[in-house]
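Visitor:
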Amino acid sequence: MKRIGRLFRTTAFKLAIGILLIFTVFAVTILFYVGFRAQRLLDEQVSITVGEEIKGLLAQYNSGGVVRLVRLIERRSQQPGSSLYLVTSAAGETLAGNIMSVESDGLLEAGTYELFYRVIEDGEPRPHRALVETIILPGGFRLMVGRDLAETDRFRSVIWRTGGWSILFVLALAVAGSVFVARRVMIRIDQMTETTRLIMAGDFSGRLTVAGTGDELDRLAQSLNMMLERIQELMKGLKEVSDNIAHDLKTPLTRLRNSAEEALRSSNSVDELRVALDHVIDEADGLIKLFNALLMIARAEAGGALDKGETLDLTAIAHDVAELYEPLAEEAGLILHVNAERRCDIKGSRELLSQALANLIDNAIKYSVGGDHSVEKKNEIVVGVKETATSIELSVADRGPGIAEKDRGRVLDRFVRLETSRTRPGSGLGLSLAVAIARLHNGTLTLEDNAPGLRVVFSLPRREQ
């Protein structure tokens with residue numbers, strides 16, 4: 028009983044009932060219209076038939092007088108059928124006809140009208156409805172010709188009964204169909220509800236069933252499944268970030284605490300305190316840099332770091348950033364140069380684009396040590412700016428160990444570092460920040476094989492786009 032109540036409360040059932048009521052109103056209206064028009068057409072046909080017969084009888088009267096008319100009416104009155112005849116004198120005396128009792132005094136007037144007359148059926152007089160036309164002949168004689176409307180009434184009754192039963196039958200089918208549709212919808216909604224309860228309980232692997240019908244519930248299920256996929260990815264990423272950030276923050280915080288304890292224990296001179304405090308400041312700066320990177324990624328992904336942007340020469344930015352990192356590259360035994368001469372204008376943020384390029388160059392320097400530095404290929408890092416038909420590409424190519432193709436998608440996530448020992452300095456946020464900045468500028472960041480080494484391509488849309 029409770030399930031039936033839920034069924035009646037479903038939107039699908041209410042919608043079906045609403046459509047059913049509208050259909051019923053239209054069906055009843057059409058039935059009334061058809062019945063009314065059918066009655067009018069039948070009455071008009073009877074009136075035309077009566078009028079034609081009046082004309083024929085009037086022609087007989089004009090050629091043979093009242094005597095011929097009376098004889099003709101007497102013959103026709105003996106024939107079976109629904110025709111009614113009556114001829115009276117000027118005084119109202121019946122001369123011929125088959126009407127003996129009428130419930131109207133309209134016979135005294137000329138015109139077309141309905142009247143009720145009595146017919147003996149099964150030994151009892153029964154009233155019948157008829158459509159008659161009366162004309163006054165010369166000499167005061169009256170001629171009435173009519174048609175019994177019993178057949179017309181029966182036909183009209185058949186129309187009403189058939190229409191009424193048809194509407195009731197269609198209504199019954201519609202109600203059954205509404206219940207069927209509502210039940211199917213409720214079953215699918217219940218399946219979705221059960222799946223969402225499992226997801227709420229923590230099972231993010233659950234997915235809504237897609238029936239394959241292509242209806243709105245299928246589209247809703249597909250959209251929710253896409254959302255659940257994204258949530259599952261975010262939850263997985265959150266777990267990885269939590270694990271990685273715990274590791275990356277634990278080391279500098281431990282060193283920071285150890286430096287502070289060492290300063291407290293070995294405070295023999297000002298110089299020792301100064302050295303200890305320098306270590307503390309260095310560790311604190313590293314932590315601040317880490318959190319600044321996280322904040323910048325958040326701002327970039329939220330779109331808050333870039334308003335409309337300004338017109339920038341990407342080639343000039345590449346030269347400026349490379350110039351800053353040249354000493355660091357030389358110290359690592361690497362050659363850093365820019366392969367870009369032509370001016371390439373874009374719309375964007377100088378600060379963010381410079382930061383993204385700096386991260387890419389810093390990674391290239393950091394991981395180029397120990398790479399393929401043969402004479403032919405040289406120990407170089409190349410910063411390139413190239414203009415294509417649809418975009419401007421900023422690239423950084425090195426000769427380091429590169430990244431395996433299977434790891435190139437994962438390494439773009441936050442705090443992901445392929446070096447499990449984590450002996451090299453870094454937080455695993457450099458590429459993540461570059462990806463966020465690329466998205467903010469409606470661009471993309473891709474990793475390619477430099478054979479050997481890695482080539483990072485930062486693609487940005489052209490200014491006119």
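Start counting the sequence shown at 28; every next residue gets the next number (the working numbering). By construction, the Cβ of each residue, glycine as well, lies at the ideal position given by its N, Cα and C atoms. Model, not experiment: these values are computed from the prediction.
Considering Cα atoms alone, identify which of Y112, L280 and P354 is closest to I308.
Guide: The shortest Cα separation from I308 among Y112, L280 and P354 belongs to L280.
Visitor: How would you call S448, buried or exposed, if buried means at least 16 neighbouring beta carbons within 10 angstroms?
Guide: Legend: pLDDT at S448 = 42, less than 50; position of this residue unreliable, value from coordinates given subsequently. That one is exposed.
Visitor: Which complete alpha helix (DSSP H) runs does the region 157-241 hold, if anything under 4 residues is left out?
Guide: Taking only runs of at least 4 residues, the alpha helix (DSSP H) segments lying wholly in the region 157-241 are 177-227.
Visitor: Beta-carbon within less than 8 Å of E337's beta-carbon, same chain only, minus the 5 sequence neighbours each way: which residues are those?
Guide: Result list for E337: K374, G375, S376 and R377, in chain order.
Visitor: To the nearest angstrom, report how far apart S250 and I258 are at their CA atoms.
Guide: Approximately 12 Å, taken between the alpha carbons.
Visitor: Could you check what DSSP says for R449 in three-state terms: helix, strand or coil?
Guide: Any reading at R449 needs caution, since the residue's pLDDT is 45, under 50, leaving its predicted position unreliable; the model's value is listed next. Coil, per DSSP.
Visitor: Please classify R174 as buried or exposed, where buried requires at least 16 neighbouring CB atoms within 10 angstroms.
Guide: Buried, because 16 or more other Cβ atoms sit within 10 Å of the Cβ of R174.
Visitor: Comparing alpha-carbon positions, which option in V172, A157, T161 and I163 lies nearest I100?
Guide: The residue with the shortest Cα to Cα distance from I100 is V172.
Visitor: Can you tell me which of S232, S486, V423 and L458 puts its alpha carbon nearest to the alpha carbon of V365?
Guide: Of S232, S486, V423 and L458, the residue nearest in Cα terms is V423.
Visitor: Give the DSSP-derived three-state secondary structure of S395 in the structure shown.
Guide: S395 falls in the helix class under three-state DSSP.
Visitor: Does DSSP classify E136 as helix, strand or coil?
Guide: In this structure, E136 counts as coil in the three-state DSSP scheme.
Visitor: Which residue from R370, A391 and G429 puts its Cα closest to that of I419?
Guide: Looking at the Cα atoms, R370 is the closest of the given residues.
Visitor: Is it buried or exposed, E368, if we count other Cβ atoms within 10 angstroms and call 16 or more buried?
Guide: That one is exposed.
Visitor: I think N390 touches L458, with their Cβ atoms under 8 Å apart; what is that distance to the nearest whole Å?
Guide: So it is a contact: roughly 7 Å between Cβ atoms.
Visitor: Can you say whether Q382 is buried or exposed, counting buried as having 16 or more other CB atoms within 10 angstroms of its CB?
Guide: Classification of Q382: buried, given that the 10 Å Cβ count is 16 or more.
Visitor: How is the beta strand (DSSP E) around V438 delimited, first residue to last?
Guide: No beta strand (DSSP E) contains V438, which DSSP labels as neither H nor E.
Visitor: Which residues in the same chain as L355 place their Cβ atom closer than 7 Å to its Cβ, once the five residues preceding and following it in sequence are excluded?
Guide: The answer, listed in chain order, is I392.
Visitor: Anyone know if the C-beta pair for G124 and Y112 falls short of 8 Å?
Guide: Closer than 8 Å, so yes.
Visitor: Less than 8 Å between the CB atoms is what I'm expecting for L69 and F182, so what's the real figure, rounded?
Guide: The Cβ separation is near 7 Å, so the contact holds.
Visitor: Output the distance between the C-alpha atoms of Y144 and L176, rounded to the nearest integer angstrom.
Guide: For Y144 and L176, the distance between alpha carbons rounds to 11 Å.
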